Amino acid sequence: MKIATYNVNGVNGRLKVLLRWLEEARPDVVALQELKGPDARFPVQEIERAGYGAVWHGQKSWNGVAILARDQEPLLTRKGLPGEPKDEQSRYIEAIVDGIVIGGLYLPNGNPYPGPKFDYKLRWLQRLQDYAAELLELDVPVILAGDFNVIPTELDVYKPERWRNDALFRAEVRESYRKLVGQGWADAVRELHPGERIYTFWDYFRNAYGRDAGLRLDHLLLSPGLAKRLTKAEVDKRVRGWEHTSDHAPVWIELSESAIKRRDD
DNA sequence: ATGTCACTACTTTAGTGA
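One point on numbering: in UniProt numbering, the residue at position 124 of the first sequence is 124, and numbering is uninterrupted.
What follows is the structure in C-alpha cells.
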C-alpha cells in the first residue's frame, strides 16, 4: 500500500501536474495541502476521472487540505483540529482508508517571527500534540501526513545558519515537533534513511532547486504498529523539476500487508 | 532586502501569503 503527501500549492493552478503525478505514481492514498480554493472549486470531476475518491476541506485563497483514495471513497472522520473552536483555517482533515486513519495536515508557516502568526503556529503544534496523543491511545493504525512546516534537524536544511530565526526552524518549533514524534510516532523518511540529506521543498527563488538548496518539511508520521510495516519511504524529487510545478515534491511510503523484519528489530 | 509563485478583487494590476 502506497501512501503519499503532497503540498500542491494550488489544486486548480497545478491540476495538470497533480494528474500527471497521480497517473505516474499511482498512490493508493494521498494527503493534499494548499488547495487554495473554496470547497466549491475543488476539481472533484477531474480527480474522479483519474480514479480517485476524495474528501476535502477548502478555504478561499489559502490553506485547504484533502484526502484522495484510489478506487474508493475515503470515510471522513474529522475536519479541523480540536482545541480552538474559533479557528477558521482549513488545515486538518481526517479519513479512514483500508482501516488506516489518515490525518492530513497543513501546519501554519508561522512567519514572520516573532509575531501573532508565530504564536498561532506554536498553539497549533500544541493542539496537534494533544490530539495526536489521543489518536495513539486508540491503538489503531494512524498516519499523520502533510506539510508540517517544520525543519526537524540541521540535517534537514541546506544552510542551518540562514534559517535559525525562521519560523520553520526556530528552536521552540523543533522542540515541539520533537515532543510530538516522541509520543511514539515514526518519522517514516528518517526511519529508513537515517543520516541522509533529503529535502521535500525548494524555494522558487534564486534557483533553489537547481542548487539543491532545499528543506525537509513534508512528513509522514506512523503509529507504532504501522512503523513495523514500513518498507519504503521516498521523495518524488523529479516532480519539482516539472513545468508549472509546486515548490514541494510529493513524499510517499510503502506499507507491507503485515509486520516485517528489519535489521534494527 | 531579495527572489517567484498562486490567488483574489477588480482600476487586468496590486495586495497577500508563502
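Glycine is no exception: its CB is placed at the ideal position from the N, C-alpha and C atoms. Quick caveat: nothing in here was measured; it's all calculated off a predicted structure.
Are the Cβ atoms of Leu128 and Trp185 separated by less than 8 Å?
Contact annotation: Leu128 and Trp185 have beta-carbon atoms that are not nearer than 8 Å.
### Span of the alpha helix (DSSP H), counted from its first residue to its last, around Ala227
Per DSSP, Ala227 belongs to the alpha helix (DSSP H) from Pro224 to Ala227.
| message | Comparing C-alpha positions only, which one of Arg190, Ala95 and Arg162 sits nearest to Val65? | response | By alpha-carbon distance to Val65, the top candidate from Arg190, Ala95 and Arg162 is Ala95.
Q. What three-state label does DSSP hand Phe148 in the structure shown?
A. DSSP places Phe148 in coil when its eight states are reduced to three.
Taking just the CA atoms, how far does Tyr113 sit from Arg206? For Arg206 and Tyr113, the distance between alpha carbons rounds to 22 Å.
Fill in: Cα-Cα separation, Pro74 to Leu136
Rounded to the nearest angstrom, the gap between the Cα atoms of Pro74 and Leu136 is 21 Å.
**OP:** Could you please give the first and the last residue of the uninterrupted beta strand (DSSP E) stretch that includes Tyr92?
**Re:** Residues Tyr92 to Val97.
- Query: How many whole angstroms separate the CB atoms of Phe148 and Leu107, which I take to be in contact at a CB cut-off of 8 Å?
  - Reply: Contact flag correct, Cβ pair sits at about 5 Å.
Problem - DSSP-derived helix/strand/coil call for Asp130 - result: Looking at Asp130 - three-state DSSP - the assignment turns out to be helix.
### Query
In whole angstroms, what is the alpha-carbon distance linking Gln89 and Ile67?
Within the model, the alpha-carbon separation for Gln89 versus Ile67 is close to 17 Å.
Pro141 burial status per 10 Å Cβ neighbour count (16 or more: buried)
Looking at its Cβ environment, which holds 16 or more other Cβ atoms inside 10 Å, Pro141 is buried.
Quiz item: Which residues share a DSSP beta bridge with His248?
Solution: His248 is bridged to Phe201.
Quick one: Cα of Ile198 to Cα of Arg174, how far? In a straight line, the C-alpha of Ile198 is about 17 Å away from that of Arg174.
May I have the straight-line CA-CA distance separating Ser256 from Asn7, to the nearest angstrom?
Cα-Cα distance, rounded: 25 Å.
For Val65, report the span of its alpha helix (DSSP H) as first-last.
Segment Val65 to Arg70 is the beta strand (DSSP E) holding Val65; no alpha helix (DSSP H) there.
- Message: Given the structure, does Asp130 come close to the ligand SAM, in the sense that its CB is under 7 Å from one of the ligand's heavy atoms?
- Response: This structure lacks the ligand SAM, and indeed carries no ligand of any kind.
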